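For the sequence shown, the numbering used here begins at 236 and goes up steadily by one.
All residues carry an ideal CB built from backbone N, CA and C; glycine is no exception.
Fair warning: this is a prediction, and the values are worked out from it, not measured in the lab.
One structure below.
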Amino acid sequence: MSNYFDQLYICAQSFFNEQELLNFTVPLYLRSLSECMDYELFDRCSLQVIRAESSQLKVPTLEQYHNGQLTFDQLVKIFTKVFESTMEPLIHQVLRMSGRSKEDIDQISKDFWMVYEEKLKERRDLVINGNQYVCACL
């Protein structure tokens, strides 16, 4: 299943050359509940699992959208700004490493986030989904 993280790489394919794509890594892996359960570790530490579950996180901006306080376009703009604020340094570093000029980097970055926002608008399911969760073990 595709998500808004996958769209970062899809957008990068439109702007980055092959070497830049190799250097563009989103260091994130969403684990399943079974991957969070390390029974060997629990045994080694003499721990007994009482309960383990995944719970959906309450994301205030999504709640505002569901309550009608935000339009879908506003929600997408917020998602885009959040990712831009966290991923912008990586994008700039990747482009600098390949010798791109400051002007090139600024223009590519601007265009990248414009395309990213448009891609999210085209795929409502990428933004409005149940992927915001946390695994907990007791």
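Out of Glu319, Lys337, Glu338, Cys271, the CA that lies nearest to the CA of glutamine 242 is found in Glu319. Shown here for lysine 312: same chain residues with a beta carbon closer than 7 Å to its own, the five before and five after excluded, namely Glu352 in chain order.
Note that the C-beta distance between lysine 354 and cysteine 246 is below 8 Å.
Every alpha helix (DSSP H) of 4 residues or more that sits fully in the segment 255-291 is shown, in chain order, as 268-271, 274-279. Rounded to whole angstroms, the Cβ separation of leucine 361 and tyrosine 239 is 5 Å, and the two are in contact under 8 Å.
Three or more beta-carbon pairs separated by less than 8 Å are not found between the segment 276-284 and the segment 331-338, which leaves the two stretches without contact.
For the 8 Å CB-CB criterion, serine 336 and glutamate 323 do not form a contact. Distance from the CA of cysteine 271 to the CA of leucine 292, rounded to the nearest whole angstrom, comes to 16 Å. Closest in alpha carbon position to phenylalanine 259, among Ile326, Leu265, Asp346, is Ile326. Take the alpha-carbon of glutamine 309 and the one of leucine 297: they are about 11 Å apart.
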